[in-house]
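Q: Quick one: the structure is below, questions incoming.
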Amino acid sequence: MNCVETANLTHVFSSGETAVNELNLSVEEGSIYGFLGPNGAGKTTTLKLLLGLLKKQRGEISIFGESIEADRVGILKRVGSIIESPSIYGHLTAVENLRVLQKIYQCPKQRIEEVLDLVDLRTTGSKKARNFSLGMKQRLATAIALLHSPRLLILDEPTNGLDPNGILEMRKLLRKLAHLEGITILISSHILAEIEKLVTHVGIINRGNMVFQGTLESLVEQQERSSYLRFSTSDDHRAAELLKSHKIEPIPNEKGLAIPLVEKETVARINEQLVINKIDVYEILKVRSDLESIFFDVINN
Ligand code: ATP
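Mapping of the sequence shown onto our numbering: residues 3 to 303, in sequence order.
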């Protein structure tokens with residue numbers, strides 16, 4: 003079942019800008035879905051629409067298989083979120099912050115200890131939240147979002163501004179939540195590298211349009227398809243002629259000759275032919291586009 007699904011979701015701001023255009027988002031239950039796109043792509047607008055923070059204009063939204071219109075309050079009770087800056091009282095400690103919300107949500111008092119444990123903030127004692135590091139603030143915000151035991155967590159750029167260690171901690175925490183608590187996570191980011199080790203699924207949005215949606219493996223497969231072999235030799239011109247005579251079409255680049263991926267036996271035969279023809283082979287390399295460049299390719303096509 004899809005935990006979140008939108009059909010032709012569209013949002014036009016009063017300025018006339020279409021921030022979200024006919025978006026079909028599918029977040030599978032139990033997945034960690036990375037919602038990626040450059041600044042201004044429409045990620046926050048989409049997440050706000052899901053959470054009812056912006057009034058839906060056109061299209062459909064269903065969460066946990068139910069239309070958001072049927073029972074918005076009931077559905078959102080099962081969703082935790084951090085959108086834009088987390089709402090934390092700086093003059094209160096972690097426990098005091100959580101106590102305020104525990105009373106509002108009317109969840110069991112022991113849940114405070116549980117969420118503090120989950121986000122690893124149990125030992126902050128009398129320290130006021132305003133003196134927390136950004137990473138700690140982000141973890142407290144996550145604890146707040148988890149207080150009412152949601153089945154779905156929606157996080158808008160939770161790694162924004164964190165240092166590499168903070169990013170690592172956040173990743174560890176989200177992985178733990180997905181595995182131990184079975185929570186579905188929808189997380190937005192504009193940097194693929196920050197979430198590629200975390201997510202199971204990816205949706206890439208650009209100028210309001212979904213330009214890729216699928217498993218992380220399918221994105222990696224796309225990466226594999228854009229990989230190539232590079233030969234560097236003592237005479238690339240002659241090497242290119244030789245390859246062409248073997249029906250392989252090389253593309254010269256500044257570092258040598260690029261050819262499509264071939265079986266390893268073929269690589270050995272090409273190498274043998276080059277050597278027989280007195281062309282020295284300096285390097286044979288498999289060049290893989292990194293996921294980040296695939297991301298830019300998808301956005302720019
Ligand atoms: P970022 O990573 O910078 O937060 P984003 O992908 O979350 O970007 P949105 O904040 O959803 O993008 O913005 C999408 C587009 O809608 C942008 O061009 C933005 O300028 C525009 N936009 C967002 N909020 C408003 C608003 N309240 N009024 C008018 N235009 C808006």
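We put the CB at the ideal spot given by N, CA and C, even for glycine.
(1) Identify which residue in Lys246, Tyr284, Ile250 and Ser151 has its Cα closest to the Cα of glycine 258.
(2) Who pairs with methionine 172 in a beta bridge, going by DSSP?
(3) Got a sec: does ligand 1 put a non-hydrogen atom nearer than 6 angstroms to the Cβ of tyrosine 17?
(4) What does the Cβ neighbour count give for proline 254, buried or exposed, with the cut at 16 atoms within 10 Å?
(5) Take tyrosine 230 as the anchor and find which of Ile250, Leu175 and His239 has the nearest alpha-carbon.
(6) Who are the near neighbours of glutamate 196 in its chain, counting only those whose CB is closer than 7 angstroms to its CB and skipping five residues on each side?
(7) Would DSSP call serine 234 helix, strand or coil?
(8) Would the beta-carbon of isoleucine 187 fall within 7 angstroms of that of leucine 155?
(9) Does the Cβ-Cβ distance between glycine 61 and asparagine 10 come in under 7 angstroms?
(10) Tell me which residue opens and which closes the alpha helix (DSSP H) that arginine 101 is part of.
(11) Look up valine 309 in the DSSP assignment and say whether it is helix, strand or coil.
(12) Is glycine 42 near ligand 1, with its Cβ less than 6 angstroms from a heavy atom?
(13) For glutamine 59, which of helix, strand or coil comes out of DSSP?
(14) Alpha carbon to alpha carbon, what distance is there between leucine 164 and leucine 153?
(15) Could you check the C-alpha separation between serine 295 and glutamate 226 for me, to the nearest Å?
(16) I'd like to know if the region 42–56 and the region 11–25 are in contact, where contact means that at least 3 CB-CB pairs between them fall below 8 angstroms.
(17) For valine 204, which of Ser220, Ala260 and Gly210 has the nearest alpha-carbon?
(18) Less than 6 angstroms between the CB of lysine 45 and some heavy atom of ligand 1, yes or no?
(19) What do you get for glycine 76, buried or exposed, if any count of 16 or more other CB atoms within 10 angstroms of its CB means buried?
(20) Give the straight-line distance between the Cα atoms of asparagine 279 and serine 228, rounded to the nearest whole angstrom.
(21) Helix, strand or coil: which one does DSSP assign to alanine 72?
(22) Look at the Cβ atom of isoleucine 193, then the Cβ atom of aspartate 237, and state whether they are nearer than 7 angstroms.
(23) What residue range is occupied by the uninterrupted alpha helix (DSSP H) comprising glycine 82?
(24) Given a cut-off of 7 angstroms on the beta-carbon distance, is the pair glutamate 86 and glycine 137 in contact?
(25) Looking only at its own chain, which residues have a Cβ that is under 6 angstroms from the Cβ of leucine 56, when we skip the five neighbours before and after it?
(26) Applying the 10 Å Cβ sphere with the 16-neighbour rule, what's the burial state of proline 252?
(27) Closest to leucine 182 by CA distance: which of Gly92, Gly210, Leu120 and Ala147 is it?
(28) Quick check on the DSSP output: the alpha helix (DSSP H) that includes threonine 47 runs from which residue to which?
(29) Could you check what DSSP says for glutamate 380 in three-state terms: helix, strand or coil?
(30) Among Cys109, Leu94 and Gly92, which one has its Cα closest to the Cα of arginine 80?
A: This is what the structure holds:
(1) Here residue 258 is taken as the residue at index 256 of the sequence shown, counted from 1. Minimum Cα distance to glycine 258 is reached at Tyr284.
(2) By one-based count along the sequence shown, residue 172 stands at place 170. Under the DSSP definition of a beta bridge, methionine 172 lacks any partner.
(3) Sequence index remark: in the sequence shown, residue 17 carries index 15 (1-based). A quick correction: the sequence has serine, not tyrosine, at residue 17. Within the cutoff, so yes.
(4) Against the sequence shown, residue 254 aligns to sequence position 252. By the beta-carbon neighbour count (other beta carbons within 10 angstroms, threshold 16), proline 254 is exposed.
(5) Here the question's residue 230 lines up with position 228 in the sequence shown. Measuring from the Cα of tyrosine 230, the nearest candidate turns out to be Ile250.
(6) Mapped onto the sequence shown, residue 196 falls at position 194. These residues qualify, in order along the chain: Thr161 and Ile169.
(7) Reading the sequence shown from its first residue, position 232 is the one you call residue 234. In the structure shown, serine 234 sits in a strand (DSSP, three-state: E or B).
(8) Position 185 of the sequence shown, counted from the first residue, corresponds to residue 187. Position 153 of the sequence shown, counted from the first residue, corresponds to residue 155. Yes, the Cβ-Cβ distance between isoleucine 187 and leucine 155 is below 7 angstroms.
(9) Translated into the one-based positions of the sequence shown, residue 61 becomes position 59. Translated into the one-based positions of the sequence shown, residue 10 becomes position 8. Yes; because the gap between Cβ atoms is below 7 angstroms, this pair is in contact.
(10) Your numbering for residue 101 matches position 99 in the sequence shown. Note, arginine 101: alpha helix (DSSP H), 96–107.
(11) With the chain represented from 3 up to 303, any question about residue 309 goes unanswered, as that position is not in the structure.
(12) For this step, residue 42 is matched to residue 40 along the sequence shown. Under cutoff, so the answer is yes.
(13) For the purposes of this step, residue 59 is identified with residue 57 of the sequence shown, where counting begins at 1. The answer is coil: DSSP assigns glutamine 59 none of H, G, I, E or B.
(14) Locating residue 153 in the sequence shown gives position 151, counting from the first residue. Locating residue 164 in the sequence shown gives position 162, counting from the first residue. Here residue 153 is arginine; the residue named in the question, leucine, does not match the sequence. Per the coordinates, the alpha-carbon of arginine 153 lies some 26 angstroms from the alpha-carbon of leucine 164.
(15) What you label residue 295 is simply residue 293 of the sequence shown in a count that begins at 1. What you label residue 226 is simply residue 224 of the sequence shown in a count that begins at 1. Computed Cα separation, rounded: 12 angstroms.
(16) yes
(17) If you number the sequence shown from 1, residue 204 lands on position 202. Per the Cα distances, Ser220.
(18) One-based indexing of the sequence shown puts residue 45 at position 43. Yes, ligand 1 has a heavy atom inside 6 angstroms of this Cβ.
(19) Working through the sequence shown from its first residue, we reach residue 76 at position 74. Around the beta carbon of glycine 76, a 10 Å sphere encloses fewer than 16 other beta carbons of the protein chains shown; the residue is thus reported as exposed.
(20) In the sequence shown, counting from the first residue as 1, residue 279 sits at position 277. In the sequence shown, counting from the first residue as 1, residue 228 sits at position 226. Taken atom to atom, the span from the alpha-carbon of asparagine 279 to that of serine 228 is near 30 angstroms.
(21) Counting from one through the sequence shown, the residue named residue 72 turns up at place 70. In the structure shown, alanine 72 sits in coil (DSSP, three-state: anything other than H, G, I, E or B).
(22) Translated into the one-based positions of the sequence shown, residue 193 becomes position 191. Translated into the one-based positions of the sequence shown, residue 237 becomes position 235. No, they are not a contact pair.
(23) Translated into the one-based positions of the sequence shown, residue 82 becomes position 80. In the DSSP assignment, glycine 82 falls outside any alpha helix (DSSP H) and within the unbroken beta strand (DSSP E) covering 81–84.
(24) Numbered from 1 along the sequence shown, position 84 holds the residue referred to as residue 86. Numbered from 1 along the sequence shown, position 135 holds the residue referred to as residue 137. The answer is no: Cβ separation not under 7 angstroms.
(25) Working through the sequence shown from its first residue, we reach residue 56 at position 54. Counting only Cβ-Cβ distances below 6 angstroms, and skipping sequence neighbours, we find Lys50.
(26) For the purposes of this step, residue 252 is taken as the residue at position 250 of the sequence shown. The residue in question, proline 252, is buried, as its Cβ has 16 or more Cβ neighbours within 10 Å.
(27) Your numbering for residue 182 matches position 180 in the sequence shown. The option with the nearest alpha carbon to leucine 182 is Leu120.
(28) Along the sequence shown, one-based indexing puts residue 47 at 45. Segment 45–52, the alpha helix (DSSP H) holding threonine 47.
(29) Because the chain in this structure spans residues 3 to 303, residue 380 falls outside the shown range and cannot be described.
(30) Numbered from 1 along the sequence shown, position 78 holds the residue referred to as residue 80. Of the listed residues, the one whose Cα sits closest to arginine 80 is Cys109.
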